Amino acid sequence: MSSSTVSGSAPVAPAAVPARRSRLAWWKLLAAGAVGAAVVNLLVFAVARAAGASLVVMDRGQEHPVTTGGVIASSVVPLLAGVGAALLLALWKPVFLRIAQWVGGGLALLSVAGPLMSDTDGGSVAALALMHVTLGAAVVAVLELRRRR
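Residue numbering for the sequence shown follows my numbering, beginning at 0 and increasing consecutively.
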């Protein structure tokens with residue numbers, strides 16, 4: 000008999016490791032997602048500008064330049080509105096987090112059609128489409144972090 004076992008005792012199983020949970024409050028998670036999406040989209044904007052993309056979209060014969068403020072507003076406002084509504088609905092029924100992931104991610108991917116059909120150069124199309132995908136990924140990630148909490 001070894002010195003680490005006691006006669007007649009059962010072996011002791013190691014304690015289960017608790018699941019890792021997000022410690023961010025819902026509003027902190029929402030703010031972090033909005034800031035994260037804006038920062039990534041600003042990086043895409045900067046790379047597109049450095050690569051020589053015009054970042055000007057033609058709409059009904061009028062030029063609409065894509066600006067830094069426009070990128071920030073287009074990144075933050077939809078995320079705050081959509082994810083904020085989903086978080087409020089999830090207080091009533093938690094299943095809304097999963098539904099909002101599908102709807103939010105799907106709408107962001109569907110909105111990629113706008114840049115793909117726009118009348119502008121290829122660099123601008125690619126940058127704007129990537130910004131839409133980034134926003135969709137941020138929506139899904141924020142809601143997943145909240146759902147796992």
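We put the beta carbon where it would ideally sit given N, CA and C, even for glycine. Since the model is a prediction, treat every value here as computed from it, not as a measurement.
Note to self: Considering only the alpha carbon of each residue, which of 119, 121 and 95 lies closest to residue 82?
What the structure shows: 95
Next item on the list: Can you give me the start and stop residues for the beta strand (DSSP E) that residue 64 sits inside?
Entry: 61-64
Notebook entry, point to check: Looking at the unbroken alpha helix (DSSP H) that takes in residue 111, where does it start and where does it end?
Noted result: Neither: residue 111 is in no alpha helix (DSSP H) and is coded neither H nor E.
Item checked: Distance CB(residue 140)-CB(residue 32) smaller than 8 angstroms -> For residue 140 and residue 32, yes; Cβs fall inside 8 angstroms.
Item checked: Nearest-angstrom beta carbon gap, residue 67 and residue 41 [assumed within contact, 8 angstroms] -> 7 angstroms
Checklist line | Counterpart residues of residue 118 in DSSP-defined beta bridges | finding: 57
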